[in-house]
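Please read the structure below before turning to the comments.
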Amino acid sequence: MATELKVAWGPRKDNVYLGKEITRLDGVEKASGAAKYAADANPKGCLFAKVLSFKGGAGKVKSLDLSEALKVPGVKAVHAFVKEGDELQWDGALVAAVAAERQEQAEDGVRAIKFMFDAMEHFVDEDDLKGAEAAKRTKAPSERSKGDVDAALKSAAVVHKGHYGIATISHMCLETHGSCTRWEDGKLIVNHSTQNVSGTPANFVSELQKQHNISVDAADVTVLCQFVGGGFGSKFAADDWGVAAAKMSKEAGRPVRLMLDRATELKIAGTRPSGFVDVTIAADKDGKIVAWDSHHWGSNGGMKGGNFNVAQMPYVFGFDNLKVKGTGIMTNSGPDRAWRAPPHPQLCALTDTAIDDIAAKLGKSAVDVFLANIDKTPEKLQATYVAEIKRAAELIGWAKKWHPHGKGGDGDIKRGLGMALHTWGGRAHAGTCTVRINPDGSVESLSGTQDIGTGTRTAIAMVLAETFGITLDAVKVRYGSSVYPRSGPSGGSTTIGGVSGPNRRAAISALGKLFDVVAEKHKVDGNSLTAKGGKIWSGTKEICTWKAGCGLLGMMGIETTGEGPKDDGLTSEQVGGVQMADVSVDTKTGIVRINQFVAVQDCGLIVDLLTAKSQVYGGLIMGIAYSLTEEQILDNKTGRYINADLENYKLPRIGDIGELIVEMYQPDSEYERGVIGLGEPPVIACGAAISNAVANATGVRVPTIPLTAKRVSDALKAAKA
Amino acid sequence: MRDPREETIPHADGSGFNRRDFLRGSGAAVAVTALATSEQGATAQDAAKKNVVSAKAQDVTLNVNGKDHKLSLEPRVTLLDTLRDDLNLTGCKDVCDTTNCGACTVLIDGKPTYACSRLAHECVGKKVTTIESLAANDPVVAGFVKHDAQQCGFCTPGFVMATKAFCDKNPGATLAQVRSGLGGNICRCGTYVGITACAMELVTKKGGK
Chain G
1 MATELKVAWG PRKDNVYLGK EITRLDGVEK ASGAAKYAAD ANPKGCLFAK VLSFKGGAGK
61 VKSLDLSEAL KVPGVKAVHA FVKEGDELQW DGALVAAVAA ERQEQAEDGV RAIKFMFDAM
121 EHFVDEDDLK GAEAAKRTKA PSERSKGDVD AALKSAAVVH KGHYGIATIS HMCLETHGSC
181 TRWEDGKLIV NHSTQNVSGT PANFVSELQK QHNISVDAAD VTVLCQFVGG GFGSKFAADD
241 WGVAAAKMSK EAGRPVRLML DRATELKIAG TRPSGFVDVT IAADKDGKIV AWDSHHWGSN
301 GGMKGGNFNV AQMPYVFGFD NLKVKGTGIM TNSGPDRAWR APPHPQLCAL TDTAIDDIAA
361 KLGKSAVDVF LANIDKTPEK LQATYVAEIK RAAELIGWAK KWHPHGKGGD GDIKRGLGMA
421 LHTWGGRAHA GTCTVRINPD GSVESLSGTQ DIGTGTRTAI AMVLAETFGI TLDAVKVRYG
481 SSVYPRSGPS GGSTTIGGVS GPNRRAAISA LGKLFDVVAE KHKVDGNSLT AKGGKIWSGT
541 KEICTWKAGC GLLGMMGIET TGEGPKDDGL TSEQVGGVQM ADVSVDTKTG IVRINQFVAV
601 QDCGLIVDLL TAKSQVYGGL IMGIAYSLTE EQILDNKTGR YINADLENYK LPRIGDIGEL
661 IVEMYQPDSE YERGVIGLGE PPVIACGAAI SNAVANATGV RVPTIPLTAK RVSDALKAAK
721 A
Chain R
1001 MRDPREETIP HADGSGFNRR DFLRGSGAAV AVTALATSEQ GATAQDAAKK NVVSAKAQDV
1061 TLNVNGKDHK LSLEPRVTLL DTLRDDLNLT GCKDVCDTTN CGACTVLIDG KPTYACSRLA
1121 HECVGKKVTT IESLAANDPV VAGFVKHDAQ QCGFCTPGFV MATKAFCDKN PGATLAQVRS
1181 GLGGNICRCG TYVGITACAM ELVTKKGGK
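Spelled out as structure tokens, the structure:
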């Protein structure tokens, strides 16, 4: 009788690896500098490319002459991204590229390019709805409504009108976008900085054909990416500059490495759209919100005029009486790309701030008002939210520290508390993998996935080691190459489910086959067998070691494939999450400091508790960045992105984050849900939580995030006047 | 990582003059000024003229990780580009190119330095130490792994070098000193909690000696 193993996760108490804190397997490689990124690729004969990007708000190409660049010593290839008459619609738009023997020679080549343009009108004031309307830069608004807002407003105990906003930010990947391309015997090999190893070859093929009339079969394109220096949602495509590198590489007959320079990276390689909103919100005397009427606007760059869907506002809460209107603005600024949890950080920042203000108007604690409205959140999350709010409140000492808005102390430094909550799907993406059990007992997993810093490689090894009852070092995880079985792009918190499901399925299938062989040899029932601690057992009786069992397999060993997602309970979706901030505001300078920042986060079955917590810490720190300092600053007069460097695009440093307290919410009921992604959720509620804490400290709402010293000072001055 | 056109001031004759060329040129000039002072009888101006380094590639010997490397480099080439592109020591990363982020941190004569802020020619006669020189069981590397003080890993080698230099020099440092002392590096993924825990463990161990 063939062994029939059930596809499921094992009992939680029996786990050796799952849910434990396991250090990442590529940790030493990264920390010792041995890890090679696309930016480090330097094959023999490699040329180094630099781009010329547009410096202005908008312009039409008058002339572009690359002939002088080609005469520069060391320059081997040039490429024009635009031609005469083309319009350049935002600062940083690509004009040309030069590939040379050395980086400084490529820079010389870029300087030798003769480029003239006629300036065109630009519009970059993404927060200025009236100005945008006057300049005809708005798209027709979309609207939705539910219930009777007017009647609800009339009968409400309190009504609050507020304005809130959140600025555009850039992804700021420390490894800029780019690739190192080379052709060998008509085949294209790309070291690509990507979140999408399996999906990018086809993109190179179609763009090479479309843009440069270069034909290559997808089967002859290999994309490699073992390590990627940050992506955050911006690295899914071949990109025009990657395609240009491949073209120059073909022309020069040499490898070409083209990584964007920092300024161009910030301008064109991805932004998170802005959002601004006017809200009227009303509640009854118990804090139950009875009406919501809002009009939001903002820009997603790229002259697209898109804005988040009216169905997504207000965030998480489905109030009974709603009117929502949204208007997209077209600005001359670099196009958006998915930025960690799109567009939830903005939705949360425009919703939970208004809820906090109505709580303040009622003289109630935000915790009480959020709890009073939990019945308006998705039903499956309500119990989780209640538990997480209570736990976060305990961790931050809410009951002891809380005071009404504006009662943050008598001195210049005011202290306050704020909270916000979020949700995210995190369903497993489609993916396949191959799992091998070799006759020597070693085990391999092969898949065209990528580890963008989340610990994918470690998670795969843990799943296989757990399933086979062997040690982590017996598992070899092969990933980061498009020649392996296809796996989905790492975006939207889909990877952990996307790799753990297929690997568990393939491993259980392989284990069943191994048990068949062992059962036959040892004359036992295959269905009585288990693999634990490097041995194979029948009940409590040891049958043989793992290695001896595998030794029965013959030269071919076992190879199985796994697919996903499936409805077998290994993975699921939708998490909650609650965050609370304790801040101090210096009312003389406007500087906000984080004292404590608490996150309580659920994510179903946790694979690696250590890297899971790291994801949440990272989310909080990125959240502090966009809440306090980080933003794209476009100059109205010139249309230029004036802080496109790491000096003026302000990110927090190690001393700027206060004390972070992370607790994973993991009752058995979470374990039973199966694996759910975690990358996005912890970055969502930060903006609203911090803004609410500042409002609680000072009694003044600083409308727009990030709460820079200037914005805080301006708001405090305006409130006094 | 700098956009080469970003700070170019065009001249009427079409030639460009930019900050980096100036920085590179003046850096090299500083390096030779010490030699100039020993010359007798020459006016300062003559000496300066005589010692202006040619813009052309010249032979230099750089001592990196205890080994001499003979290279031919233009005076404007940074130590960072030399380490990465000529010596293939890619642990130091090119992230900001404006001495803000610390991803290119190396040690020069034991002192943590942004490799993007030094010209290769300036480092002749000095001992350059990169992350690649660390032993496989280096306690700082092990500490980063233990405390999961890394995600994408791109800032990590620079942070490891900065942490190593800080902890060697400041045994028994306080939390506030760690936070201030490691403020020269930037991480985007948000690994500061792990790095702080790692550094605190290292300074506590060293302080207990």
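Chains as they are written, first to last, in the numbering used here: chain G, 1 to 721; chain R, 1001 to 1209.
Think of the CB as a built atom: it goes at the ideal place given N, C-alpha and C, for glycine as much as any other residue.
Cutoff 8 Å: Arg640 (chain G) Cβ touching any chain R Cβ: Cβ-Cβ to chain R under 8 Å: no for Arg640 (chain G).
Could you compute how far the alpha carbon of Ala97 (chain G) sits from the alpha carbon of Val712 (chain G)? C-alpha separation (whole angstroms): 42 Å.
So the beta strand (DSSP E) Leu1062 (chain R) belongs to, where does it begin and stop? Per DSSP, Leu1062 (chain R) belongs to the beta strand (DSSP E) from Gln1058 to Val1064.
At which residues does the beta strand (DSSP E) containing Asp1068 (chain R) begin and terminate? If you look at Asp1068 (chain R), you'll find it in the beta strand (DSSP E) that goes Lys1067 to Leu1073.
Taking Ile1186 (chain R) as the reference, which of R:Ala1057, R:Ser1072 and R:Thr1099 has the closest Cα? Among R:Ala1057, R:Ser1072 and R:Thr1099, the Cα nearest to that of Ile1186 (chain R) belongs to R:Thr1099.
Could you please give me the residues that DSSP links to His79 (chain G) through a beta bridge? Listed as beta-bridge partners of His79 (chain G) by DSSP are G:Ala97.
Could you check whether the Cβ of Lys36 (chain G) sits closer than 8 Å to any Cβ belonging to chain R? Yes, contact with chain R.
Can you give me the start and stop residues for the beta strand (DSSP E) that Val475 (chain G) sits inside? Element bounds for Val475 (chain G): Val475 to Arg478.
Under 8 Å, with one C-beta from each stretch per pair, do the region 54-68 of chain G and the region 1175-1185 of chain R reach the 3-pair mark? Cβ pair count under 8 Å is below three, so no.
I need the straight-line Cα distance from His160 (chain G) to Pro703 (chain G), nearest angstrom please. His160 (chain G) and Pro703 (chain G): Cα-Cα distance of roughly 14 Å.
If you measure between the beta carbons of Cys180 (chain G) and Arg102 (chain G), is that distance less than 8 Å? Using a Cβ distance threshold of 8 Å, Cys180 (chain G) and Arg102 (chain G) do not count as a contacting pair.
Contact set for Met622 (chain G): own chain, Cβ-Cβ below 6 Å, skip 5 residues either direction: Non-local beta-carbon contacts of Met622 (chain G) in its own chain, meaning distances under 6 Å to residues more than five positions away in sequence, involve Val683 in chain order.
Cα-Cα separation, Ala715 (chain G) to Asn696 (chain G): Going from the Cα of Ala715 (chain G) to the Cα of Asn696 (chain G) covers about 14 Å.
With which residues is Val1106 (chain R) paired in a DSSP beta bridge? Val1106 (chain R) is bridged to R:Thr1113.
Is the region 401-409 of chain G in contact with the region 497-508 of chain G, if contact means three or more CB pairs nearer than 8 Å? Contact between the region 401-409 of chain G and the region 497-508 of chain G is absent, because fewer than three Cβ pairs lie under 8 Å.
Closest residue to Ser274 (chain G) among G:Gly441, G:Leu208, G:Ala581 and G:Thr331 (Cα-Cα distance): Ranking G:Gly441, G:Leu208, G:Ala581 and G:Thr331 by CA distance to the CA of Ser274 (chain G) puts G:Thr331 first.
Under 7 Å from the C-beta of Lys30 (chain G): neighbouring residues of chain R: The contacting residues are Gln1150, Gly1153 and Thr1156.
Roughly how many angstroms separate the alpha carbons of Asn213 (chain G) and Asp239 (chain G), rounded to a whole number? For the pair Asn213 (chain G) and Asp239 (chain G), the Cα-to-Cα distance works out to about 16 Å.
List the residues of chain G that Ile1186 (chain R) touches, going by C-beta distances under 7 Å, in chain order. At a C-beta separation below 7 Å, Ile1186 (chain R) has these neighbours in chain G: Leu646, Leu651 and Arg653.
Completely contained alpha helix (DSSP H) runs for the region 195-242 of chain G, where each covers 4 or more residues: At a cut-off of 4 residues, the continuous stretches assigned as alpha helix (DSSP H) that sit fully inside the region 195-242 of chain G are 200-212.
Which residue or residues does DSSP assign as beta-bridge partners of Ser170 (chain G)? Looking at the DSSP assignment, Ser170 (chain G) forms a beta bridge with G:Thr271.
Touch test, the region 19-29 of chain G against the region 606-615 of chain G, Cβ-Cβ under 8 Å, three pairs minimum: The region 19-29 of chain G and the region 606-615 of chain G touch, with no fewer than 3 CB-CB distances between them shorter than 8 Å.
Output yes if chain R places a C-beta closer than 8 Å to the C-beta of Gly27 (chain G); else output no. Output row for Gly27 (chain G): interface = yes.
Proximity of Glu1132 (chain R) and Gly33 (chain G) at Cβ, strictly below 8 Å: Yes; because the gap between Cβ atoms is below 8 Å, this pair is in contact.
Taking three-plus beta-carbon pairs below 8 Å as touching, is the region 368-381 of chain G in contact with the region 331-348 of chain G? In this structure the region 368-381 of chain G does not touch the region 331-348 of chain G; the number of beta carbon pairs closer than 8 Å is below three.
Under 8 Å, CB to CB, which of the residues in the region 1052-1075 of chain R have a partner in chain G? Using a CB distance below 8 Å, the part of the region 1052-1075 of chain R facing chain G consists of Glu1074, ordered along the chain.
I'd like the span of the alpha helix (DSSP H) that includes Phe105 (chain G), first residue to last. The sequence shown places Gln at residue 105 (chain G), not Phe. Element bounds for Gln105 (chain G): Gln103 to Ala112.
Given a threshold of 16 other Cβ atoms within 10 Å of its Cβ, counted over all protein chains shown, does Asp1085 (chain R) qualify as buried or as exposed? Per the 10 Å Cβ criterion, buried.
Can a CB atom of chain R be found closer than 8 Å to the CB of Ile705 (chain G)? By this cut-off, Ile705 (chain G) is not an interface position.
So with Cβ pairs under 8 Å, would you call Ala1031 (chain R) a contact of chain G? Unreliable positioning characterises Ala1031 (chain R) in this predicted model, as indicated by a pLDDT of 42, which lies under 50. A coordinate reading is not provided.
What do you get for Ala156 (chain G), buried or exposed, if any count of 16 or more other CB atoms within 10 angstroms of its CB means buried? By the 10 Å Cβ count, Ala156 (chain G) comes out buried.
Going along chain R in order, which residues have a C-beta closer than 7 Å to the C-beta of Thr611 (chain G)? What Thr611 (chain G) touches in chain R: Asp1148.
Give a yes or no on whether the C-beta atoms belonging to Tyr149 (chain G) and Asp293 (chain G) are separated by under 8 Å. In the sequence as presented, Tyr is not what sits at residue 149 (chain G); that position holds Val. For Val149 (chain G) and Asp293 (chain G), yes; Cβs fall inside 8 Å.
Just the C-alpha distance for Ser145 (chain G) and Val310 (chain G), rounded to the nearest angstrom, thanks. Rounded to whole angstroms, Ser145 (chain G) to Val310 (chain G) spans 9 Å at the Cα level.
Beta-ladder partner(s) of Phe115 (chain G), from DSSP: Under the DSSP definition of a beta bridge, Phe115 (chain G) partners with G:Leu64.
Taking 8 Å as the threshold (beta carbon to beta carbon), is Ala1103 (chain R) in contact with chain G? Yes, Ala1103 (chain R) lies at the interface with chain G (some Cβ there is under 8 Å from its Cβ).
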